[in-house]
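Asker: So that we are looking at the same thing, I have put the structure below in structure tokens.
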Amino acid sequence: MARGIAERRPLLVLTDRDSRADRLLALAAGGDDAVGWTGEPAEVVARIAALLRRSRMAKGQLGEGELRIDLIDRRVERAGRLIAMPLREFDLLANLARIPDRPVSRAALLKAVWRIDFDPGTNRVEVHMSRLRAKVDRGFAWPMLRTVKGQGYALRSRPEG
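Numbering (the numbering used here), first residue to last: 785 to 945.
Below you can see the structure in the form of structure tokens.
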């Protein structure tokens, strides 16, 4: 039964004891992850979030909260609204979405998006970030894209506060 469910959705098996044998048996039965119940729901919640994140990435999807990025069809939606953008802006957003809430340096973005291993002294990252902000943030309740002084740029998964 577990195998049929796991084909459709990621499956976290919660065992009644925290024993290695029980966890191994649960994984062998088709679970994607297994955890022994210790009475601490925080670990279970964190494991569920990780399974869902990995499942979306395996399907070629990125995004947290109201942002969805389809890497296969190269589509971006925020709060259900389709956002059209050129290839470079899409690649820039996808690179930020791979590690939400953490800054990505300008140099890392130059390398990932433009295949440039050095800083040529241009403002291409800043120009494309400005255009991306106009598309992803303008007209929405809160800004997702932010500049992290001295570190680079980050994509917020939720509003500050």
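For each residue, glycine too, the CB sits at the ideal point set by N, CA and C.
Flag this pair as yes or no: are the beta carbons of Ile832 and Leu796 separated by less than 8 angstroms?
Answerer: For Ile832 and Leu796, yes; Cβs fall inside 8 angstroms.
Asker: Any idea which residues DSSP pairs Asp854 with across the strands?
Answerer: Paired residue(s): Gln845, Arg859.
Asker: Say whether the region 894-906 touches the region 856-866, bearing in mind that this needs 3 or more beta-carbon pairs closer than 8 angstroms, one atom from each stretch.
Answerer: Short answer: they don't touch.
Asker: Would Arg858 and Val897 be called neighbours here (beta carbons separated by less than 8 angstroms)?
Answerer: Not a contact, by the Cβ cut-off of 8 angstroms.
Asker: Quick check on the DSSP output: what are the complete alpha helix (DSSP H) runs of length 4 or more inside the region 792-816, in order along the chain?
Answerer: Counting only runs of 4 or more, we get 804-812.
Asker: With DSSP as the reference, label Gly788 as helix, strand or coil.
Answerer: For Gly788, the predicted model reports a pLDDT of 46, less than 50, meaning its position is unreliable; a value from the coordinates is still stated below. In this structure, Gly788 counts as helix in the three-state DSSP scheme.
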